[in-house]
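Order-wise, the sequence lines are chains D and R. The opening residue of the first sequence carries number 838 in our numbering; numbering runs sequentially from there. The opening residue of the second sequence carries number 838 in our numbering; numbering runs sequentially from there.
Protein chains: 2
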Amino acid sequence: MNKDPESTRTKIMNAAESIILDKGFGGTTVSNVIEQAGVSKGAFFHHFSSKAELGEELVQRYADQDAEHLEQTLRKAEGLSDDPLQQMLIFIKLFEQEIESLEKPFPGCLFASYLQQSELFDPNILDIIRESMLLWRTRVLDKLKKIEQEHPPRRDVDLESLADMLMVIFEGSFVLSQSLNENRVIAQQLSNYHSYLKLLFGPDK
Amino acid sequence: MNKDPESTRTKIMNAAESIILDKGFGGTTVSNVIEQAGVSKGAFFHHFSSKAELGEELVQRYADQDAEHLEQTLRKAEGLSDDPLQQMLIFIKLFEQEIESLEKPFPGCLFASYLQQSELFDPNILDIIRESMLLWRTRVLDKLKKIEQEHPPRRDVDLESLADMLMVIFEGSFVLSQSLNENRVIAQQLSNYHSYLKLLFGPDK
DNA sequence: TGTAACATACCGACCAGTTGGTATGTTAAT
DNA sequence: ATTAACATACCAACTGGTCGGTATGTTACA
């Protein structure tokens, strides 16, 4: 008997996530998954009661990693400056650097993949995704509020939609980068967001 | 015999587009399509040699409509001002208004849907999508170049990525609006882009 | 003008292959 | 001896696609 059943589980989930990002959930078969994972059908249904459950556990894992990634990067940025504006600008730059350091094409976002086929999923799965996106909104909005206090914006601006804009830039640039097959556009768009914030809250030149 | 076979064809394509935007291409069956379209399987395969051909004709039609929509809105904006910056700002505002006038949830973008399942399609289908996106880049970039000549930007900026940013904002806000079930976020994000351009090229206050 | 020859538009039963899922093993560690 | 962790064989439902057939056109020519 396998000493490490968790590794089989992980193999299945990793294979599934990779295939789903290429073909979508509806275009992915469990045969595809078990072939790529190198496990039997029995192993698959031993670990997951259905394809749908796999789908749910996948987003849950993805959401957890996403939240962790967000918090970690935020803490890192906060450690590098005391000024909220600088923290936010560093925060964005950290993501830019991360993208630039990728050698392979960016694999895409599982949230976006699911949302493009939302009728295939239970509402609770869509809830997980929405909560994940709202976490970004909350974290960035908090920071923007602090920025606003210390740096009066050059123009009136809706902070909530400005916070949402980061997620929008991410998701939008993922789509464009997928089409053009260029990771660079993601970093460039983050840079545009960076530049926008500097113009809004930065000092006059 | 049907006097208007084109209407059957259109019924099939409209049904298919609508379902694909909800379930993705891979999650859509021809049974789904013919049921919603109210036609027989025979009729389907009389008009389309395969599901894949339907998929191709669908993007082609979508790309044509998209290009037409782009050019039309651009001409309209150009008719409302002589200043390239104002034309661009009006251009964006026209899209904002269009979104705001929708009463139903925005149905999503077929390009993004296909790109999220790119492995399901021939390269030539992905080419159609890429060309459509590059048309937006070209048209907006042309305008930005004229703006730059008359309005020196407040910050150094890469015009090409600034042009891409419109498509990025569209696609990204489609994703977020799908998750939050709020069309409003699309208009808000367009407004952010509008604001960014004003800050970049607009007069000092 | 009538009609033979043919084309178009469509129907729905049917097919082979695939799908997600199950039933029944086998193996090995506790 | 029990049970977790698989493997294999299998199943019914569904998949995209084909088929023979029919109803309604259009065209050409006697």
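Positions of the beta carbon are idealized from the N, C-alpha and C atoms, including for glycine.
Which residues in the same chain as residue i place their Cβ atom closer than 7 Å to its Cβ, once the five residues preceding and following it in sequence are excluded?
i             : result
residue 846/R : 884
residue 858/R : 944, 945, 947, 950
residue 890/R : none
Taking the Cβ atom as the reference point for each residue, do residue i and residue j lie within a distance shorter than 9 Å?
i              : j              : result
residue 870/D  : residue 882/D  : no
residue 951/R  : residue 958/R  : yes
residue 962/D  : residue 892/D  : yes
residue 1034/R : residue 1005/D : no
residue 922/R  : residue 853/R  : no
residue 933/R  : residue 1024/R : yes
residue 969/R  : residue 914/R  : no
residue 954/R  : residue 953/D  : yes
residue 998/R  : residue 1028/D : yes
For residue i and residue j, what's the separation of their Cα atoms in angstroms?
i              : j              : result
residue 856/D  : residue 990/D  : 44 Å
residue 1020/R : residue 1007/D : 18 Å
residue 1039/R : residue 988/R  : 7 Å
residue 976/D  : residue 868/R  : 45 Å
residue 941/R  : residue 938/D  : 41 Å
residue 945/R  : residue 860/R  : 11 Å
residue 982/R  : residue 873/R  : 47 Å
residue 1016/D : residue 960/R  : 11 Å
residue 980/D  : residue 973/D  : 11 Å
residue 916/R  : residue 984/D  : 40 Å
residue 919/R  : residue 956/R  : 45 Å
residue 912/D  : residue 928/D  : 9 Å
residue 1003/R : residue 879/D  : 48 Å
residue 897/D  : residue 971/D  : 15 Å
residue 864/R  : residue 864/D  : 6 Å
residue 851/D  : residue 876/D  : 12 Å
residue 908/D  : residue 844/R  : 53 Å
residue 993/D  : residue 887/R  : 53 Å
residue 910/R  : residue 902/R  : 12 Å
residue 906/R  : residue 936/R  : 13 Å
residue 1032/R : residue 1031/D : 14 Å
residue 964/D  : residue 1041/D : 42 Å
residue 849/R  : residue 900/R  : 18 Å
residue 866/R  : residue 930/D  : 43 Å
If you drop the 5 nearest sequence neighbours on each side, which residues of the same chain put their C-beta closer than 6 Å to that of residue i?
i              : result
residue 1022/R : 1010, 1013, 1014
residue 1026/R : 1006, 1010
Who are the Cβ neighbours of residue i in its own chain at under 8 Å, not counting the five residues just before and after it?
i              : result
residue 1018/R : 942
residue 1036/D : 991
residue 996/D  : 978, 981, 982, 985
residue 862/R  : 892, 950, 951, 954, 957, 958
residue 926/R  : 1031, 1034, 1035
residue 842/D  : 884
Practice task
Within the segment 964-1003 of chain R, note down every full alpha helix (DSSP H) run reaching 4 residues or more, in order along the chain.
Solution key: Under the rule that a run must span 4 or more residues, no alpha helix (DSSP H) segment is found entirely inside the segment 964-1003 of chain R.
Exercise for the section: At 4 residues or longer, and completely inside the segment 864-893 of chain D: list those alpha helix (DSSP H) runs for me, N to C. Expected result: Qualifying alpha helix (DSSP H) stretches, in chain order: 867-874, 878-884.
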